[in-house]
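All remarks here apply to the structure that follows.
Numbering (the numbering used here), first residue to last: 1233 to 1633.
Written out as structure tokens, the structure reads:
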């Protein structure tokens, strides 16, 4: 009898805790590999090809893959075999990494191989993300789920603090290669596969989900202007944020000639996000997400100031502000949707947010990739204006309610 079967038949808290440990270990192991892989690829591409445009192609491929398979992921999460899908996705991702290693050792097509690998690994994330959320909801008892999610969030941000600095340190000292990075990522997926493989639950015998559809969610959304704006604003915010994500490694390497600076800035963003999450306990988020919007306006203006001074310290401060307030904003956004949307439509709203982000990232990466190499300062000005205006419009809308 599996851990989840035991839980369903009164197996007790010990079995439930074992399942939680399996889920957390699976999540963190894959995240460690993915974090190392993403940071390494961003630095390696800029260092090897010397162009933000090439990196924009990599980021765009990731976004396109997420978009193409996000609809399939939402469908899989409602099916009988959703846990098997998670297992197969992790196992296949490990195999894809192994195949990429072999091809890199035997051919000279580094960039095409890398693009294909990025596409397939993001396909995994898009297809299994909704299923993982459902699995946590089934596997973790209701009275423990808030605490479990808190552990996952804190662990996730901690990994995002440590791994970028470690990765850039190893890269700068030539202790980490492209093949080594892909191998580590493959091992992390294999570990994730092993722990997910040990989870079997009666929920796989549940009937497929039926009822509401994306169409009903869209109709509901456009009857509520603020909800519609949250989705639309999220789309445009991700366009500008993808530009900022692209410009950080470009300027760190091409302007400051400092590989470790990129890892440091990414870690600062994640550390700020942890502080932002912890601050919620003492500075509550109001239903209108007002403090967070003001903070993001300050962050947007700070991006513009960074373009004027163009110093390492300015980038660090700006990244801290954005990381802190976007962490709080994301919590506020989830709460706003959960409070103001009918229960049966909530899942579709979160799916729409993910899909919009998947569309926005390749658009932003492509557009900013065309201008950053020659016009980095102008790109920072555009990003600054975009973030500032998007959040300022929110106050105009709520004043008219």
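C-beta atoms are modelled at their ideal positions from N, C-alpha and C, and glycine is treated no differently.
What did DSSP end up calling residue i once you bin it into helix, strand or coil?
i            : result
residue 1604 : coil
residue 1519 : coil
residue 1282 : coil
residue 1375 : coil
residue 1513 : coil
residue 1341 : coil
residue 1572 : helix
residue 1408 : coil
residue 1413 : helix
residue 1430 : coil
residue 1561 : helix
residue 1313 : coil
residue 1352 : helix
residue 1632 : coil
residue 1233 : For residue 1233, the predicted structure reports a pLDDT of 38, less than 50, and the residue's modelled location is therefore unreliable. The matter cannot be settled from this model.
residue 1617 : helix
residue 1360 : helix
residue 1402 : helix
residue 1266 : helix
residue 1533 : helix
residue 1347 : helix
residue 1550 : helix
residue 1543 : coil
Below 8 Å on the Cβ atoms is my contact criterion, and I expect residue i with residue j to pass it. Report the Cβ-Cβ distance as a whole number of Å.
i            : j            : result
residue 1393 : residue 1502 : 4 Å
residue 1495 : residue 1413 : That belief does not hold up - the Cβ atoms of residue 1495 and residue 1413 are roughly 13 Å apart, past 8 Å.
residue 1466 : residue 1585 : 6 Å
residue 1391 : residue 1260 : 7 Å
residue 1478 : residue 1287 : 6 Å
residue 1356 : residue 1325 : 5 Å
Tell me the rounded alpha-carbon separation between residue i and residue j.
i            : j            : result
residue 1569 : residue 1389 : 23 Å
residue 1346 : residue 1587 : 24 Å
residue 1536 : residue 1358 : 33 Å
residue 1530 : residue 1514 : 21 Å
residue 1523 : residue 1460 : 20 Å
residue 1366 : residue 1539 : 43 Å
residue 1506 : residue 1558 : 11 Å
residue 1328 : residue 1269 : 14 Å
residue 1462 : residue 1571 : 14 Å
residue 1249 : residue 1371 : 10 Å
residue 1273 : residue 1455 : 43 Å
residue 1541 : residue 1600 : 20 Å
residue 1457 : residue 1481 : 37 Å
residue 1402 : residue 1452 : 50 Å
residue 1561 : residue 1338 : 47 Å
residue 1614 : residue 1532 : 10 Å
residue 1591 : residue 1316 : 28 Å
How far does the alpha helix (DSSP H) with residue i in it reach, from first residue to last?
i            : result
residue 1490 : Neither: residue 1490 is in no alpha helix (DSSP H) and is coded neither H nor E.
residue 1451 : 1446-1454
residue 1476 : 1457-1486
Is there at least one non-hydrogen atom of the ligand MN closer than 6 Å to the beta-carbon of residue i?
i            : result
residue 1523 : No copy of the ligand MN occurs in the structure displayed, which carries no ligand at all.
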